[in-house]
Amino acid sequence: MINDRRTETLEPLPPLAGTAVEWRVSDAPVGYRQALCAMEARVEAVRAGTAPECVWLLEHPPLYTAGTSADPAELVDADRFPVFEAGRGGRYTYHGPGQRIAYVMLDLRRRGGDVRRFVYTLEEWLIGTLWRFHVRGERRSDRVGVWVRRPDRGATVEDKIAALGIRVRGGVTFHGVSLNVDPDLSHFAGIVPCGISEHGVTSLEDLGHIVSTAEVDGALRAEFERLFGPTLGD
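Shown next as structure tokens:
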């Protein structure tokens, strides 16, 4: 039997009234170090109250990132793409074209401070976004991310379609989530994604859903506003 957490008693964080989250979209690929520096600067500004919370949608050039729990043995091909120390939780992850990344810089001090509920709400955000394209994403109790069942390949076969990795500094979150829209799935072969070797990786395209980045961005924004509250900007 596939183990899942659909019966877990957690609830999403309540939306925050009376404020709006800045919604930022980068159309051109953003280098990883550039993104990390920008996130860290924004976290400090949110902590200081000099900038609003922010969600930043972007893509990276092909690269691997290592989270704080990364095992060097899971870097299968270290020469394939650049490898960066991410500082987020988790293990090795691939980022590249065709994968929509959402970096989420929210002030948990104002949102109840519950990191587990924050992660649960991020999962709910991804699951709701996928459902807008008639894809059923699910949680698993024994592994992170959002998963889809593949009954065409076997009763117990499933693949990861979205990943999560966050960090919290001074009560403000950063890093975030990634959703596979139409990346080159062979690029994941250079690592053991998130340390999980017994399951595969998929995308909306791989599942037969051909959608544009703009459509994905629109779905992400609508589901974010449903769960977290209003946004402004791009």
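Per the working numbering, the sequence shown starts with residue 414, numbered consecutively. The beta-carbon is built from N, C-alpha and C at its ideal position, and this holds for glycine as well.
Check, Outcome
"Buried or exposed by the 16-neighbour rule on C-beta atoms within 10 Å, applied to ALA632", "buried"
"Sequence-distant residues of the same chain with beta carbon closer than 6 angstroms to ARG522, five excluded per side", "GLY584"
"Anticipated Cβ contact below 8 angstroms, SER610 with PRO596, distance rounded", "Contact doesn't hold; Cβ gap of about 19 angstroms is too wide."
"LEU592 versus ILE579, HIS600, LYS573, residue with shortest Cα-Cα distance", "LYS573"
"Any 3 or more C-beta pairs closer than 8 angstroms across the region 473–481 and the region 494–504", "yes"
"Whole-angstrom distance between MET518 and ASP647, CA atom to CA atom", "16 angstroms"
"Best match in TYR516, LEU598, ILE604, SER554 for proximity to ILE579 [C-alpha to C-alpha]", "TYR516"
"For PHE587, three-class secondary structure by DSSP", "strand"
"Start-to-end residues for the beta strand (DSSP E) that takes in ILE574", "571–582"
"Coarse secondary structure for LEU640, derived from DSSP in three states", "helix"
"Distance CB(ASP520)-CB(GLU466) smaller than 8 angstroms", "yes"
"Contact the region 554–568 vs the region 599–610: 3+ CB pairs below 8 angstroms", "yes"
"Sub-8 angstroms separation of GLU638 and THR644 beta-carbons", "yes"
"Alpha carbon of TRP436 to alpha carbon of ALA627, nearest angstrom", "14 angstroms"
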